[in-house]
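First comes the structure, then the notes that go with it.
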Amino acid sequence: MNLTGEDVQDILRIIDGMEVDRLHLRTGRFELSLCRGDDGAWTQSARTTAEPVLVDDRQVPAVQGVAAADRQTEPAREGLTGVRTPLPGAFYRAPKPGAAPFVEIGDEVTETTVVGIVETMKLMNSVYAEASGTVAEIVLGDGEFAEQGAVLMFIDPLATGVAP
Numbered sequence: 001m002n003l004t005g006e007d008v009q010d011i012l013r014i015i016d017g018m019e020v021d022r023l024h025l026r027t028g029r030f031e032l033s034l035c036r037g038d039d040g041a042w043t044q045s046a047r048t049t050a051e052p053v054l055v056d057d058r059q060v061p062a063v064q065g066v067a068a069a070d071r072q073t074e075p076a077r078e079g080l081t082g083v084r085t086p087l088p089g090a091f092y093r094a095p096k097p098g099a100a101p102f103v104e105i106g107d108e109v110t111e112t113t114v115v116g117i118v119e120t121m122k123l124m125n126s127v128y129a130e131a132s133g134t135v136a137e138i139v140l141g142d143g144e145f146a147e148q149g150a151v152l153m154f155i156d157p158l159a160t161g162v163a164p
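Numbering follows UniProt numbering, in which position 36 of the sequence shown is assigned residue number 36; successive positions increment by one, without gaps.
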């Protein structure tokens, strides 16, 4: 079972009336960090603790729209690890408009590298690589909608100088 956007909203409703500015929740399934900004709005970082899974296009769920249909016809990516979005929402490759992307094709990453953010119900959720390797392909463009579990990019775990 994954943490859903509705779960996050329920948690926010519970703590909204409390006098806390920071909350860190860790379970066997996920890790969630919430922080109240100076304006009273919440920011969030969510991370599932599942192991990365090697995928190919036959196993990748389709994202709505024409771009998703194009992605379904791409060849399989044997040996690559798919980075999936933990929640549905708009995928952003950079921390803010006009800023450099978190990662580019060819960049080396580790399990804890932030590779993008997904905006769900006005909350920004960090997306982690969850595998060490080299970014081989970026599937979704900046600002594109991603269903929960959609593959955002692929990492080649063999093409890396990163120590295991």
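The beta-carbon is built from N, C-alpha and C at its ideal position, and this holds for glycine as well.
Notebook entry, point to check: The beta strand (DSSP E) spanning residue 165 covers which residue range?
Noted result: Because the chain is modelled from 1 through 164, residue 165 falls outside the range shown and cannot be assessed.
Margin query: Suppose you measure from the CA of Leu87 to the CA of Glu108; what does that come to, to the nearest Å?
Written below: 24 Å
Notebook entry, point to check: When the distance is taken between beta carbons, is Gly133 closer than 7 Å to Ile105?
Noted result: no
Margin query: If I follow the unbroken beta strand (DSSP E) through Leu158, where does it start and stop?
Written below: Here Leu158 belongs to no beta strand (DSSP E), and DSSP marks it neither H nor E.
Notebook entry, point to check: What is the rounded straight-line gap between the Cα of Glu78 and the Cα of Leu158?
Noted result: Each residue's alpha carbon lies about 12 Å from the other.
Checklist line | Three-way DSSP call (helix, strand, coil) for Ile105 in this model | finding: coil
Check: Mind checking Arg93: buried by the 16 CB within 10 Å criterion, or exposed?
Finding: Arg93 should be labelled buried.
Margin query: Rounded to whole angstroms, what is the Cα-Cα separation between residue 168 and Arg13?
Written below: Given that the chain is displayed from residue 1 to residue 164, the structure contains no residue 168 and the question cannot be resolved.
Notebook entry, point to check: If you draw a straight line from the alpha carbon of Gly34 to that of Glu6, how long is it in whole angstroms?
Noted result: It should be pointed out that residue 34 corresponds to Leu in this sequence rather than to Gly. Whole-angstrom Cα-Cα distance: 15 Å.
Item checked: For Val139, three-class secondary structure by DSSP -> coil
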